[in-house]
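Take the sequence shown: its position 160, counting from 1, is numbered 160 in my numbering, and each next residue is one higher. The structure under discussion appears below in the form of structure tokens.
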Amino acid sequence: MTLAALLTACPGTIDDPARFFADAPLVVDAGEAVDAGEAVDVPVPAVEDDVPAAAVTDAATTGVDAASPCAAYVEGTLLPRTCATVYCHGAAEPAAGLDLASPDLARRLVGVRATTNCRGVLLIDRARPQASLMLVKLGASPGCGSRMPLGQTALSAAEISCMRVWVAGLAAP
Numbered sequence: 001m002t003l004a005a006l007l008t009a010c011p012g013t014i015d016d017p018a019r020f021f022a023d024a025p026l027v028v029d030a031g032e033a034v035d036a037g038e039a040v041d042v043p044v045p046a047v048e049d050d051v052p053a054a055a056v057t058d059a060a061t062t063g064v065d066a067a068s069p070c071a072a073y074v075e076g077t078l079l080p081r082t083c084a085t086v087y088c089h090g091a092a093e094p095a096a097g098l099d100l101a102s103p104d105l106a107r108r109l110v111g112v113r114a115t116t117n118c119r120g121v122l123l124i125d126r127a128r129p130q131a132s133l134m135l136v137k138l139g140a141s142p143g144c145g146s147r148m149p150l151g152q153t154a155l156s157a158a159e160i161s162c163m164r165v166w167v168a169g170l171a172a173p
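Given below as structure tokens:
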């Protein structure tokens, strides 16, 4: 990976800003539109990579809990390995000002608006967790900027399922 690719970690603009308004359908992935208030059904994926089986089972449940196996996996393994690295969203010089490495992620993510590229979109939206930028950026066509993690293989279905549970858990009042 070249240094130039790393320095352009969050390029882009919002090509379709209307998709981020409350009454706009949410595009979860290519071709799959979901109304803003509609629950997203997450199928139980096969255990992939190093996602713990308990986290995969947790990802398929409707109850969300900030202390779930998915939350532990996302914060303890997935983010540090794929997002909170030195050249991306690490603590020292976080891309787009988004530090995913330091403690107290909820304080920095829930109800907080993005400041670059996807300006104004909530990183984690309490009212519509499925529309949170932390999830939108995982889709094939995020609408602003590039798919995350930049320059790496897209997250697996199991990892995205855990991200959904984690985001919903943080968004819950």
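Each residue gets a CB set at the ideal place from its N, CA and C atoms; glycine is no exception.
ask   = What does Leu122 pair with, by DSSP beta-bridge criteria?
value = Position 122 of the sequence shown holds residue 122. Arg113.
ask   = In this structure, what does DSSP give as the bridge partners for Cys70?
value = Walking along the sequence shown from the start, residue 70 turns up at place 70. BP columns for Cys70 are empty, so no partner.
request  = Measure the alpha-carbon distance for Cys70 versus Gly76 and round it to whole angstroms.
outcome  = Position 70 of the sequence shown, counted from the first residue, corresponds to residue 70. Position 76 of the sequence shown, counted from the first residue, corresponds to residue 76. Taking the straight line joining both Cα atoms gives about 10 angstroms.
inquiry  = Report the CB separation of Ala96 from Gly90 in whole angstroms; it is logged as a contact under 8 angstroms.
reply    = Within the sequence shown, numbered from 1, the residue matching residue 96 stands at position 96. Within the sequence shown, numbered from 1, the residue matching residue 90 stands at position 90. About 12 angstroms; that fails the 8 angstroms criterion.
query = Of the residues Ala72, Pro94 and Ser161, which one's Cα is nearest the Cα of Gln130?
reply = In the sequence shown, residue 130 corresponds to position 130, counting from 1. Among Ala72, Pro94 and Ser161, the Cα nearest to that of Gln130 is on Ser161.
ask   = Should Ala168 go down as buried or exposed, given a rule of 16 or more other Cβ atoms within 10 Å for buried?
value = Mapped onto the sequence shown, residue 168 falls at position 168. Buried, by the Cβ-count rule.
query = Which whole-angstrom value is the C-beta distance of Ala171 and Ser146, which I expect to be below 8 angstroms?
reply = If you number the sequence shown from 1, residue 171 lands on position 171. If you number the sequence shown from 1, residue 146 lands on position 146. The pair is not a contact, with the Cβ atoms about 24 angstroms apart (cut-off 8 angstroms).
ask   = Cβ of Ala96 less than 8 angstroms from any chain E Cβ?
value = No chain E appears in the structure shown, which is made up of a single protein chain.
Neighbourhood of Gly120 by C-beta, 6 angstroms cutoff - its chain only, sequence neighbours within 5 removed = Counting from one through the sequence shown, the residue named residue 120 turns up at place 120. Around Gly120, the same chain offers Arg113 as residues with beta carbons nearer than 6 angstroms, after the five sequence neighbours per side are excluded.
key: Own chain partners of Met134 with C-beta closer than 8 angstroms, once the 5 adjacent residues on each side are dropped   = Counted from its first residue, the sequence shown places residue 134 at position 134. The residues Leu109, Leu123, Ile124, Met163 and Val167, in chain order, have a CB closer than 8 angstroms to that of Met134 in the same chain once the five nearest residues on each side in sequence are set aside.
Contact under 8 angstroms by Cβ, Cys88 with Leu138 = Start at 1 with the first residue of the sequence shown, and residue 88 comes out as number 88. Start at 1 with the first residue of the sequence shown, and residue 138 comes out as number 138. Not closer than 8 angstroms, so no.
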